[in-house]
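Report on the structure given below.
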Amino acid sequence: AQSVAQPEDQVNVAEGNPLTVKCTYSVSGNPYLFWYVQYPNRGLQFLLKYITGDNLVKGSYGFEAEFNKSQTSFHLKKPSALVSDSALYFCAVRDDGATNKLIFGTGTLLAVQP
Amino acid sequence: DARVTQTPRHKVTEMGQEVTMRCQPILGHNTVFWYRQTMMQGLELLAYFRNRAPLDDSGMPKDRFSAEMPDATLATLKIQPSEPRDSAVYFCASGEQGSEAFFGQGTRLTVV
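Written as structure tokens, this is what we have:
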């Protein structure tokens with residue numbers, strides 16, 4: 005069965021500093037990996053995805069993520085955090101099998117201090 | 004802008020009443036998901052459709068929940084009878100197979 009782990013409930017970072025939000029996954033086949041962001045009282049917004057190709061993928065709002073097959077990780081990064089980046093971040097995975105359902109991690113609250 | 008539309012946005016109902024939540028997926032998307040979000044359980048996958056056929060509803064309490072896609076423009080999630088523990092935000096999402104899903108704004112359900 006596929007699963008996603010986000011080991012940190014919360015990440016605190018000062019504005020202007022780099023940020024990393026961690027994600028590891030488990031699937032039986034090849035993974036399709038995604039990051040989403042959720043602001044209060046809103047739906048989830050798609051940030052970026054890895055399907056195939058370059059291990060470093062770039063997405064919206066200056067975010068990027070690195071796919072590491074050997075470590076089964078897909079950490080979200082940004083070189084310089086903004087206060088407006090403060091939100092709940094979800095990692096998600098789909099496998100390339102017949103089911104192909106989309107499973108989410110438990111979420112990581114990112115708090116960027118001014 | 005193409006978007007997933009969910010109705011109603013908010014619903015307050017009494018325990019025992021039937022609740023129906025509706026979702027209009029993005030035109031052309033062949034997969035539809037229903038998720039429930041709570042503080043305790045996070046985002047739980049309740050049901051998943053591909054080309055209107057149910058593929059997986061293992062996350063859904065079968066005795067009271069049901070999900071259908073009567074046509075390609077409408078997905079429904081029904082709870083009958085509702086219970087206070089069903090209080091949550093219910094999200095619908097649509098996408099293409101193997102790609103990202105796009106979420107609606109959710110239905111906030113409160114069962115009193």
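Top line first, the protein sequences correspond to chains A and B.
Okay, so the first sequence: first residue is 5 according to my numbering, each after it adds one.
Okay, so the second sequence: first residue is 4 according to my numbering, each after it adds one.
For glycine and all other residues, C-beta sits at the position ideal for the given N, C-alpha and C.
These figures come from a predicted structure and were not determined experimentally.
Which of helix, strand or coil DSSP assigns to B:Gly98: strand
Review point. Are the C-beta atoms of B:Phe106 and some chain A residue less than 8 Å apart?
Key: yes
- Message: Does chain B have any CB closer than 8 Å to the CB of A:Lys105?
- Response: yes
Reduced DSSP category for B:Arg67 - H, G, I as helix; E, B as strand; rest coil: coil
* **CA nearest to the CA of B:Pro64, picked from B:Gly98, B:Arg55, B:Arg39 and B:Phe52** => B:Arg39
- Starting from the Cα of A:Gly20, find the closest Cα among A:Lys62, A:Gly63, A:Leu106 and A:Leu86 and give me that residue. A:Leu86
A:Tyr65, DSSP secondary structure in three states:
helix
Inset, instruction - Helix, strand or coil for B:Ser85, going by three-state DSSP, please let me know. - result: coil
Return the first residue and the last residue of the beta strand (DSSP E) that B:Gly45 is part of.
-> Gly45 to Arg53
For chain B, check one thing: does any of its Cβ atoms lie closer than 8 Å to the Cβ of A:Leu48?
yes
Exercise. Between B:Leu77 and B:Ala70, is the Cβ-Cβ spacing less than 8 Å?
Worked result: no
Contiguous beta strand (DSSP E) assignments of at least 3 residues, all confined to the segment 22-98 of chain A = 23-25, 28-30, 35-42, 48-54, 60-62, 68-72 and 77-82
Roughly how many whole angstroms lie between the Cα atoms of B:His13 and B:Ala91? 10 Å
Margin query: Using beta carbons (cut-off 8 Å, strictly below), is B:Gly45 in contact with chain A?
Written below: yes
Check your understanding: Nearest to A:Asp13 by alpha carbon, out of A:Val25, A:Thr103, A:Ala5 and A:Phe38?
Key -> A:Val25
Exercise. Determine the DSSP secondary structure at A:Ala18, reduced to helix, strand or coil.
Key: strand
Exercise. Name the chain A residues that come within less than 7 Å of B:Gly31, Cβ to Cβ?
Worked result: Within chain A, no residue comes near B:Gly31; the closest Cβ sits about 16 Å away, beyond 7 Å.
Along chain B, which residues have their Cβ under 9 Å away from the Cβ of A:Lys81? Within chain B, no residue comes near A:Lys81; the closest Cβ sits about 19 Å away, beyond 9 Å.
**Q.** Members of the segment 9-42 of chain A that neighbour chain B once the beta carbon cut-off is set at 9 Å
**A.** Tyr36, Phe38, Tyr40 and Gln42
By the 10 Å Cβ neighbour count, where 16 or more other Cβ atoms means buried, how is B:Asp89 classified, buried or exposed? buried
_Quick check on B:Asp60 - is its C-beta less than 8 Å from some C-beta in chain A?_
no
request  = State the DSSP-derived secondary structure class of B:Ile29, mapped to helix, strand or coil.
outcome  = coil
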